[in-house]
Each structure stands twice: as structure tokens, then as C-alpha cells.
Amino acid sequence: MRFISIHDTRTGSALPLQTGVEGRVGIYACGPTVYSRVHVGNARPFVVFSVLKRFLEREGYHVTLVVNVTDVNDKIYDAARVAGRSSDELAREMTAHYIADTDRLRLGRPDFEPRATETIQPIIGLIDDLVSRGHAYAEQGDVYFRVRSLPSYGDLSHRDVDQMDQGEGVEGAALKEDPLDFALWKAAKPGEDVFWDSPWGTGRPGWHIECSAMAEELLGVGFEIHGGGIDLAFPHHENEAAQTLAARGEQLARIWMHNGMVELGGHEKMSKSLGNIRGLADVIDEFGRDAVLYWLLSGHYRQPLAFAPETLEAAAASLQRIVEAGRRLGGAEPNAECSDSHDAFFAALADDFNTPRALAALFGWINAANRCDPAPARGQLEGMLGILGLANLLEGEEQAPAEVVALAQRRDEARAAKDWATADALRDELAALGWEVRDGTSGPELIKTF
RNA sequence: GGCGCCGUGGCGGAGUGGCUACGCAGCGGCCUGCAAAGCCGUGUACACCAGUUCGAUUCUGGUCGGCGCCUCCA
157 MRFISIHDTR TGSALPLQTG VEGRVGIYAC GPTVYSRVHV GNARPFVVFS VLKRFLEREG
217 YHVTLVVNVT DVNDKIYDAA RVAGRSSDEL AREMTAHYIA DTDRLRLGRP DFEPRATETI
277 QPIIGLIDDL VSRGHAYAEQ GDVYFRVRSL PSYGDLSHRD VDQMDQGEGV EGAALKEDPL
337 DFALWKAAKP GEDVFWDSPW GTGRPGWHIE CSAMAEELLG VGFEIHGGGI DLAFPHHENE
397 AAQTLAARGE QLARIWMHNG MVELGGHEKM SKSLGNIRGL ADVIDEFGRD AVLYWLLSGH
457 YRQPLAFAPE TLEAAAASLQ RIVEAGRRLG GAEPNAECSD SHDAFFAALA DDFNTPRALA
517 ALFGWINAAN RCDPAPARGQ LEGMLGILGL ANLLEGEEQA PAEVVALAQR RDEARAAKDW
577 ATADALRDEL AALGWEVRDG TSGPELIKTF
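Note that the first sequence ends on residue 606 in our numbering; no numbers are left out.
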């Protein structure tokens with residue numbers, strides 16, 4: 157296992173990855189709220205944390221990745237009401253879409269995908285503990301977290317409680333002791349069709365408490381990495397951290413790892429509320445899964461990443477260089493230059509998961525390999541691509557059908573007779589059929605172009 | 001108003017106090033019957049102004065521009 161560091165939002169610096177139980181890494185990444193289809197912005201954390209898991213496993217860690225699904229909240233009630241459906245049914249449908257859409261990334265599933273609605277008892281238990289410890293109070297069926305009861309509140313997102321905009325919080329504002337307080341449990345309101353019994357009456361959990369409860373259920377307290385989009389740092393993660401620390405006297409997670417936003421149009425963040433979204437499924441349809449994945453990994457995870465058709469097209473073009481390299485692989489032992497690049501690839505990922513630097517190393521490997529004769533074996537390249545979920549780029553090519561081979565043979569005969577006009581005409585015919593001919597030293601090669 | 005981030009060559013995008021990032025596109029060459037692929041070479045790139053320094057794209061201060069969070073948001 158090499159030394160691995162990851163940037164932590166709380167401390168603002170890279171922290172060494174330290175495991176609680178030797179070799180085991182727990183990662184909890186906040187997933188989507190399922191009131192509509194996911195967009196490419198939602199796909200970024202899914203990809204980042206899935207690929208991070210692959211890398212850590214390759215380094216010898218046993219990784220448990222948890223990505224939750226928020227399937228009860230105001231947005232869902234509202235969307236269901238507008239659609240004239242039950243929120244329960246809408247949430248189930250959108251969860252199924254989310255699973256199907258992210259399955260198309262072919263990165264596998266997280267180890268656990270807990271639903272808020274299936275974690276109600278642990279949530280109630282956690283709230284109960286907060287109340288009995290004096291960190292929360294019930295008021296007319298709502299339960300609120302007493303923010304000022306926790307002196308460290310604000311550390312994670314670097315906010316000073318006394319300088320915070322004391323929200324124009326509409327709902328429940330009148331019931332709070334302090335405008336800063338946030339809801340742990342919300343009493344059922346007329347028109348809400350999903351709710352549970354609790355010691356405080358019927359209602360449903362607040363947004364933040366579900367993650368504290370689900371993370372603890374599956375990973376315990378004090379696990380290694382908690383992740384999600386940087387837009388969640390406040391208030392969501394701040395509140396999650398506060399709840400667990402207040403209830404358990406221990407930090408929820410060691411490292412808080414946040415990905416930057418995907419932007420669309422100017423430099424605006426892609427978000428459902430702004431309406432400037434591109435559906436994940438649509439983008440995969442248009443540019444292909446490989447290009448989408450490569451694009452998401454082509455920038456450092458903490459930087460903003462702009463969505464633009466030209467950028468996705470460039471990603472697809474970059475992929476070609478890898479595919480071409482794959483055609484040229486042989487059986488030789490990789491030389492030192494290749495091995496150095498291979499090592500640089502892993503070193504880049506170990507240094508705050510620097511995927512663009514890792515890709516540069518991968519291309520360095522390809523350049524070195526392209527200069528080798530005989531060509532190196534596929535092992536190292538396959539290993540690197542495998543972590544990125546792109547090993548499929550090396551999959552065998554489709555065999556040319558008999559009539560295409562026949563045309564190529566006729567062309568070869570024409571070439572042997574130095575009948576260039578006929579040879580070029582046959583090459584055009586092959587191109588029209590979607591096959592490119594390359595005259596290599598070991599005879600003509602047929603490459604499928606579409 | 002508070003907190004945080006960013007501004008790199010045609011495009012995307014890393015990184016560093018002095019030595020080619022990388023990919024795509026372009027240009028020249030090698031190879032090829034011609035191509036393709038590959039290889040080699042190629043671009044006064046680091047928003048602006050000061051300062052620190054032998055030397056700054058990289059550090060410090062300021063200016064301009066853009067973004068995120070402070071309310072649901074990956």
C-alpha cells in the first residue's frame with residue numbers, strides 16, 4: 157500500500173488516508189434526491205467515488221462504498237402532488253431510473269444504497285439520543301437541533317455561527333429557539349402522504365439526520381471518507397457532522413471529500429433548480445458511455461468541470477489514441493519507461509486522486525509502448541484502464557465479414573499489380589462499408605470505423 | 001455583507017520558485033504507391049499591477065473578471 161492523501165474540507169489540507177481497522181476503508185457519499193431523473197452533474201460523485209474505490213482496492217484496501225438515496229423530502233411531495241401521484245410511487249420510479257441510468261456507466265453498484273424510508277427506526281433512535289443529551293428539543297411535533305449547543309458547529313464549512321445569515325426560514329421558524337436551529341423531525345402536514353409514527357407524533361425525518369443514521373448503521377462512527385458535491389458542505393454535511401458528534405461524542409468521518417460542480421452555459425453550476433440540466437441518460441446516448449466517463453475523469457475532482465458538446469467530442473477523440481494503442485499491444489515485457497509511467501499513474505491517484513495527472517501518465521505509457529518493438533504486453537495498460545473503468549477500450553475488434561475481407565483481398569491483388577486506381581477505388585468501397593484499410597508491414601489491416 | 005474557490009498556449013486541462021505536463025486540433029518531417037496509424041520536431045501559455053527573490057506562471061499585497069455556499073441542490 158502506498159501513501160495516499162486526500163484533501164479534507166474541514167482542515168483545508170491534504171490528509172493521509174488512515175484506516176480505523178487495518179486495511180478497511182469506509183466511504184459514504186451522498187446520493188441523489190429522487191424526485192426526477194439524474195443529470196450529468198449527479199453522475200460526477202458517483203464516478204469519482206466509484207473510481208476511487210477501485211483504486212483503493214487495487215492498493216490493497218477493503219473498501220465499503222455507501223451511496224444513499226433520499227426518497228422522502230419536500231421536493232418529492234411537491235413533484236408527486238404536481239404529477240397527481242403518490243410520493244411513494246414517484247420515489248420508487250425515480251429510484252429505479254437512477255439505478256438504471258448510473259448502471260449505464262458500467263462501474264458496478266456501491267456496496268450499499270440505503271433508502272431514508274428504510275432507515276426510520278435508526279433515525280428516530282438518533283434523534284431520541286440528541287434530545288436526551290440536550291442537543292435537540294421537540295416543539296409541536298417537530299424536533300430541532302440546538303445548534304448553539306455544539307461549540308464546534310461551523311468548523312467543517314468554515315462558518316462563524318454569529319456571522320451567518322439567520323435564514324428567512326419560512327417553515328417552523330416560529331417554533332425554533334434560535335433561527336440557526338434545523339429540523340431533525342418534521343410533523344406530518346396536511347397533503348403529505350408519507351409519514352411514520354414517532355415519539356413526537358407522526359412525521360418524517362429532516363434531510364440531514366437520515367445520512368447520519370444511515371452512515372452509522374453501515375459504517376459505524378469515525379469512518380474514513382465522507383463525500384459528496386461541494387454544494388453539500390453547508391448546510392447538509394455541517395449538520396450531519398454536528399448531529400453525530402453531538403449524539404456520539406465522536407466525529408462522523410475522518411476526511412470530508414468534496415467534488416466540484418459540473419457547469420453548463422457560462423460558468424453556472426448545473427442544477428435542477430436552475431433548470432440548466434442535461435440528463436445523464438441523454439448525454440450517454442449522445443456521446444457514449446466511454447466519452448462521458450473519460451470526460452468526468454479528465455479534470456481534477458475538486459475543480460469545476462464545464463459541460464460542452466465540443467469537450468465531450470474531444471474526449472471521444474482522446475479515447476481513440478488509447479484504442480489505437482490497444483491494437484498495437486504485443487507480448488513483450490514492458491520496458492523501464494513503461495513501468496515508470498505505470499508507477500506515475502498510481503502515484504498521481506495516491507496524491508489527492510489526481511485523475512488528469514494519472515491520464516497524462518497513461519498517455520506517457522502509450523507513447524513509450526508505441527516506440528517499443530516488439531510491443532509490450534497489455535497487462536500494465538489494462539491495469540490502469542481497469543481502475544478508470546475503461547478496460548473495455550482494449551476489447552478485441554469486430555472481425556470483418558467475408559465480403560469485406562474479399563474486397564480487401566482484391567485490393568491487395570491490385571496493389572501487387574501496382575494498379576493504384578483500382579486499389580484506391582476498392583479502398584473507397586470498403587470505407588463506404590465502414591471499414592478502413594491500413595497497409596502495415598504484416599499485411600493490410602481492417603479497422604471498423606462505424 | 002460573511003466564508004471559500006478560480007482566471008494557464010486554438011480548445012480541454014495538470015503542475016511547479018529556475019528544467020517538455022498531457023489530450024484534442026494545427027504546422028513541418030520520417031514512414032507509405034497514396035493514405036491511415038505510429039514516430040520525431042514545432043507554438044514569445046500562465047488575467048492585470050506592484051512587491052519579495054539571483055530568478056515567479058508558481059510566494060505576498062492589490063486591481064479586474066468569473067463561480068460556489070450562506071435557502072432545496074451532487
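Glycine is no exception: its CB is placed at the ideal position from the N, C-alpha and C atoms.
- If you look at A562, you'll find it in the alpha helix (DSSP H) that goes A558 to A572.
- Taken through DSSP and simplified to helix, strand or coil, P361 comes out as strand.
- The C-alpha of L518 lies about 10 Å from the C-alpha of E538.
- Membership of R180 in the beta strand (DSSP E) is indicated by the continuous run R180 to A185.
- When secondary structure is reduced to three states using DSSP, A344 falls in the coil class, being assigned neither helix nor strand.
- When DSSP states are grouped into helix, strand and coil, T220 belongs to the strand group.
- L453 is positioned such that its CB atom lies closer than 7 Å to that of T511.
- When the alpha-carbon of D508 is set against those of G487, A464, G455 and G542, the nearest one is in G455.
- Within the same chain, and ignoring the five residues on either side of P172 in sequence, the residues whose Cβ sits closer than 6 Å to its Cβ are S161.
- Look at N510 here: in three-state DSSP terms it is coil, with no helix or strand label.
- R410 counts as buried, since at least 16 other C-beta atoms from the protein chains shown sit within 10 angstroms of its C-beta.
- Distance check between L468 and each of V439, A558, Y457 and P460 places V439 closest, using alpha-carbon atoms only.
- Taking a cut-off of 8 Å on C-beta distances, the region 522-532 does not touch the region 429-446, as fewer than three cross pairs fall below it.
- Of the candidates L340, L282, V222 and R248, V222 places its Cα closest to the Cα of H382.
- For H414, the uninterrupted beta strand (DSSP E) segment begins and ends at A409 to N415.
- With fewer than 16 neighbouring CB atoms inside 10 Å of its own CB, A573 falls in the exposed class.
- In chain order, L282, E396, Q399, T400 and L408 place their CB closer than 7 Å to the CB of S368, counting only its own chain and leaving out the 5 sequence neighbours on each side.
- Excluding five sequence positions before and after A579, the CB atoms of its chain that fall closer than 7 Å to its own CB belong to R567, A570 and R571, given in chain order.
- Counting along the chain, S161 sits inside the beta strand (DSSP E) bounded by residues S161 to D164.
- Around the beta carbon of V238, fewer than 16 other beta carbons lie within 10 angstroms, which makes this residue exposed.
- A Cβ-Cβ contact shorter than 7 Å links V225 with R271.
- Taking 4 residues as the shortest admissible run, the region 229-272 contains the following complete alpha helix (DSSP H) segments, listed from N- to C-terminal end: 230-239 and 243-259.
- For S598 and Y457, the gap between their C-alpha atoms comes out near 43 Å.
- The region 239-246 and the region 289-302 do not touch, with fewer than 3 CB-CB distances between them shorter than 8 Å.
- For A473, the enclosing alpha helix (DSSP H) begins and ends at P465 to R484.
- DSSP places S288 inside the alpha helix (DSSP H), whose first and last residues are I276 to S288.
- Look at T167 here: in three-state DSSP terms it is coil, with no helix or strand label.
- Comparing C-alpha distances from E373 to each of A581, G182, L586 and R262 shows the shortest one belongs to G182.
- For K604, the beta-bridge partners assigned by DSSP are W591.
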